[in-house]
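Undergrad: Just so you know, the protein sequences line up as chains A and B, in that order.
So that you can map any letter, position 179 of the first sequence is 501 in our numbering, and since no number is skipped, the others follow by simple counting.
So that you can map any letter, position 206 of the second sequence is 528 in our numbering, and since no number is skipped, the others follow by simple counting.
What follows is a structure written as structure tokens; I'll ask about it next.
Number of protein chains: 2
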Amino acid sequence: MERRSTPAGAKPKPTIYDLAALAEASPSTVSAVLNGSWRARRISEATALRIRTVASAEGYSANLQARGLRRARSGLVGMILPVHDNRFFAAMSQSFEAQARARGLCPVVVSTLRDPAEEIRTVETLIAYAVDSLLIAGAADPAAVGALCRAADVSHVYVDLPGPGAPSVVSDNFWGAELLTRTILERAPLGPGPRGRPVFFGGDPADHATARRIAGFRAAAAAFGPLAPEQILPFGYAPARAAREIALLCDRLGGLPAALVINALTVFEGVLSHFVTLPPEAFEATVVGCYDYDPFAAFLRFPVHMIRQNAAGLVARAFELIEDEVRDPVVVEIAPQLIAPCTIYSGPLREIG
Amino acid sequence: MERRSTPAGAKPKPTIYDLAALAEASPSTVSAVLNGSWRARRISEATALRIRTVASAEGYSANLQARGLRRARSGLVGMILPVHDNRFFAAMSQSFEAQARARGLCPVVVSTLRDPAEEIRTVETLIAYAVDSLLIAGAADPAAVGALCRAADVSHVYVDLPGPGAPSVVSDNFWGAELLTRTILERAPLGPGPRGRPVFFGGDPADHATARRIAGFRAAAAAFGPLAPEQILPFGYAPARAAREIALLCDRLGGLPAALVINALTVFEGVLSHFVTLPPEAFEATVVGCYDYDPFAAFLRFPVHMIRQNAAGLVARAFELIEDEVRDPVVVEIAPQLIAPCTIYSGPLREIG
DNA sequence: ATGAAAGCGCTAACAA
DNA sequence: TTGTTAGCGCTTTCAT
């Protein structure tokens, strides 16, 4: 049998046995030299050098599958997340990779499309590849994923959305929402009329993050007056739905509310598709906040206060928990950041921007 | 020696030997049944069923490192790309994962931060894990990466940026830029004055994509009048630089040019940070196009025509080339898409929006 | 229709 | 200080 579908003539990748023959040493010595355990094995500087010379001359690189099989661990760290094409999760990938590599590990990040079945299959695959640990970000079914990890003895941390049986690192959604709400209420033309009160717009109250954000919104808004149920509208995340809901809201109130807290970028996108049909004056008596950040949103025709989650901070803390072998289901909260609008306030709000 | 740092009591993952004992069959039979090669081995329906029953009762899942080692291939497909936090590349990841999984492969996507050294290291790692094939997207040094793949006999395709010694799938940048330029020139208040001519803004002419886009811009603009060198300003991608350059340009021309083709989203970001300092009237005699797409950019106070690259199409074509075992350095071009502005035109341009 | 046995490339006791 | 050897869990001839 051919070793591989090697193009005729191309010599196959050298193994430690090849190097051992060339360097006149034993395979185990070569192995030790090439994987760093040679100091402990008290191998002489001379042989080490000789072996390394041969290795690089031959263009050797270790077969990581063989090493992983032998060591029963792969050097891979996994992260699952719902989607890539989202600013927050993309930032998570970026941080995750950087920090994994800083630790000499190979990052593998896979998206699951918020599909519980796909999520399970993905994690099973990662476990089958013997990932050493797993970050579980925004899982659809955190408990199921956690159970799989525990069964396979894979250390794991929940990120962004908490889960059972292992530590969690989440954004401080209450704090962020409270800060955002307070910030825009201080600038909003509140009043007794139907438009005079703040509205929380979008998201799913069944989801942990939204629940905390609503709580934060309530806490901040309470300081400015009583809250009615119709001020909180968690209708989901779909842009199309958001477009309809904002139109309905404007109809009901006779215009935009004095303060609008938009829960996610997808919701914001929907809202915008309605906004472009409105005249510029429509925005003169409203202040908009968005929980989540997009640089372009900062440059709309009206100012937007935004919350940016600290993706790098979340990932860093998750790695620490794994390294410290924390297994208790502690929940660590990481503060997000408030981003000021770039657009200049215009109309009656100009002075307080 | 412990098999693994298994928590005391937790039984280790079952192997085919365990299953063989339980199902009263041989390891090779178990293996065949569990990896699909059993039909070919003419194993009876009955034993197959018996083995599968035991397997799922024991919660068996194959050790993919062992399989990979034996088969000299891993079932992993790799993709490298510059960064995750970019709409285009994020869309690529998303498509790549979907299509890899549709083929029963495990996707591994890694970013290299446009750092040639990091890029090489990353690819070496992927090869060491025996990836079966590799998509090379937007590489800093395509030739070096390709050489590594060839040495390891890993099939590979360049995406987005062409490279030597293997097929490439790239956006049809010439066509896209031509279309975009023509579209905005048809709407622009061109004229003899300094502001009356189109400007191509940002990017690096040394980079293949920008070069093609400039060519497309030239081709389209030529139909509307002669081009001067100062109408093409490829100063790079940095937002801060873009902000400075646009300010300079406005100074020089006494306002915005009649038509502005912005080369990338990062450049656009920089441009916007200058735009927010301008009064609304500044935008009344200009038409803006952007090569690259962001939904929020469609909702700015002025209309923006955008080009969206077909990430899914690029990836799909790349997979096809790999499956068809194409090795010649053909270059396949995939047409991007023109996205109309969502913002209503205002001022003198209202009617032609 | 099934089993026995030889490795894939590497690591880690244990011996020398 | 170095070598010998026995696997890691799986696939795959080759026998039966």
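For each residue, glycine too, the CB sits at the ideal point set by N, CA and C.
For the stretch 580-613 of chain B, list the beta strand (DSSP E) runs that are entirely contained and at least 3 residues long, ordered along the chain.
TA: For the stretch 580-613 of chain B, whole beta strand (DSSP E) runs of length 3 or above, ordered along the chain, are 581-584, 609-613.
Undergrad: Against residue 447/B, what residues of chain A qualify as contacts under a CB-to-CB distance less than 7 Å, listed in chain order?
TA: Within 7 Å Cβ-Cβ: 428.
Undergrad: Residue 416/A touches chain B at which residues, Cβ-Cβ below 9 Å?
TA: Simply 405, 406, 407, 433, 435.
Undergrad: Between residue 493/B and residue 643/B, is the Cβ-Cβ spacing less than 8 Å?
TA: Cβ atoms of residue 493/B and residue 643/B: not closer than 8 Å.
Undergrad: Using a beta-carbon distance below 8 Å, is residue 664/A in contact with chain B?
TA: It does: the Cβ of residue 664/A has a partner Cβ on chain B nearer than 8 Å.
Undergrad: I'd like the list of long-range same chain contacts for residue 658/A, defined as Cβ closer than 7 Å, with 5 residues on each side in sequence excluded.
TA: Here the set comprises 493, 494, 498, 629, 630, 631, 632.
Undergrad: Specify, as a first and last residue, the run of the alpha helix (DSSP H) that residue 341/A falls within.
TA: Looking at the DSSP string, the run of the alpha helix (DSSP H) that includes residue 341/A is 338-345.
Undergrad: Any contact of the stretch 603-612 of chain A with the stretch 567-581 of chain A, i.e. 3+ C-beta pairs under 8 Å?
TA: Enough Cβ pairs lie closer than 8 Å, so yes.
Undergrad: Of all the CB atoms in chain A, is at least one closer than 8 Å to the CB of residue 598/B?
TA: Closer than 8 Å: yes.
Undergrad: What would DSSP say about residue 631/A, mapped onto helix, strand or coil?
TA: Three-state DSSP puts residue 631/A in coil, outside helix and strand.
Undergrad: In the DSSP assignment, find the unbroken beta strand (DSSP E) run with residue 659/A in it and report its ends.
TA: That run of the beta strand (DSSP E) goes 659-661.
Undergrad: Going by C-alpha to C-alpha distance, which of 475/B, 372/B, 417/B sits closest to residue 334/A?
TA: The candidate whose alpha carbon is nearest that of residue 334/A is 475/B.
Undergrad: For residue 567/A, would you say it is in contact with chain B, using Cβ-to-Cβ distances shorter than 8 Å as the test?
TA: So no, residue 567/A is outside the interface.
Undergrad: Along the beta strand (DSSP E) that carries residue 428/B, what are the first and last residues, could you check?
TA: Start and end: 428-433.
Undergrad: Can you find a C-beta in chain B that's less than 8 Å from the C-beta of residue 495/A?
TA: No, because no Cβ of chain B sits closer than 8 Å to the Cβ of residue 495/A.
Undergrad: Counting only the same chain and skipping the five closest in sequence on each side, list residues whose C-beta sits under 7 Å from that of residue 648/A.
TA: Taken in chain order, the residues that qualify are 489.
Undergrad: At the 8 Å Cβ level, is residue 366/A part of the contact set with chain B, yes or no?
TA: Residue 366/A does not count as touching chain B.
Undergrad: Please go through the same chain and pick out, in chain order, the residues whose beta-carbon is closer than 8 Å to the beta-carbon of residue 408/A, but skip the five residues on each side of it.
TA: 587.
Undergrad: Count the other CB atoms within 10 Å of the CB of residue 445/A; is the residue buried (16 or more) or exposed (fewer)?
TA: Classification for residue 445/A: buried.
Undergrad: Return no unless some Cβ of chain B is closer than 8 Å to the Cβ of residue 638/A.
TA: Chain B contact via Cβ: absent.
Undergrad: Taking any Cβ of chain A, which residues in the stretch 512-525 of chain B have a Cβ under 9 Å from it, in chain order?
TA: Those would be none; no residue qualifies.
Undergrad: For residue 674/A, would you say it is in contact with chain B, using Cβ-to-Cβ distances shorter than 8 Å as the test?
TA: Residue confidence is low: residue 674/A scores 32 on pLDDT, short of 50, so the model does not pin down where it sits. No coordinate-derived value is stated.
Undergrad: Assuming residue 520/B is part of the beta strand (DSSP E), what are its boundary residues?
TA: From DSSP, the beta strand (DSSP E) with residue 520/B extends over 520-523.
Undergrad: Is residue 462/A helix, strand or coil by DSSP?
TA: It is coil, neither helix nor strand.
Undergrad: Would you mind telling me which residues of chain A sit closer than 7 Å to residue 419/B, beta carbon to beta carbon, in chain order?
TA: The contacting residues are 432, 433.
Undergrad: With a threshold of 8 Å on Cβ separation, who are the neighbours of residue 684/A within its own chain once the five nearest residues in sequence on each side are excluded?
TA: Outside the displayed range of chain A (323 to 675) lies residue 684/A, so it cannot be described from this structure.
Undergrad: Which runs of the beta strand (DSSP E) fall wholly inside the stretch 442-503 of chain A and span at least 3 residues, in chain order?
TA: Here the runs fully enclosed are 455-459, 477-481, 490-493.
Undergrad: Got a sec, what are the start and stop residues for the beta strand (DSSP E) residue 654/B sits in?
TA: Residue 654/B -> beta strand (DSSP E) spans 653-656.
Undergrad: Would residue 466/B and residue 442/B be called neighbours here (beta carbons separated by less than 8 Å)?
TA: Contact flag set, yes.
Undergrad: Starting from residue 390/A, find everything on chain B with Cβ-Cβ shorter than 7 Å and list it in chain order.
TA: Neighbours of residue 390/A on chain B, chain order: 387.
Undergrad: Compare the C-alpha of residue 434/B against each of 420/A, 527/A, 432/A and name the closest.
TA: If we check each option's Cα against that of residue 434/B, 420/A comes out closest.
Undergrad: So, with DSSP's three-state summary, where would you put residue 648/B?
TA: In the structure shown, residue 648/B sits in coil (DSSP, three-state: anything other than H, G, I, E or B).
Undergrad: With a cut-off of 8 Å, does the C-beta of residue 372/B fall near any C-beta of chain A?
TA: No, no contact with chain A.
Undergrad: Am I right that residue 561/B and residue 591/B are in contact with their C-beta atoms under 8 Å? What's the rounded C-beta distance?
TA: About 5 Å separates the two Cβ atoms, so the contact holds.
Undergrad: Helix, strand or coil: which one does DSSP assign to residue 568/B?
TA: Of the three classes helix, strand and coil, the one that applies to residue 568/B here is helix, per DSSP.
Undergrad: Mind listing the chain B neighbours of residue 621/A? Cutoff is C-beta to C-beta under 9 Å, in chain order.
TA: Within chain B, the residues near residue 621/A are 591, 594, 595, 597, 598, 618, 619, 622, 623.
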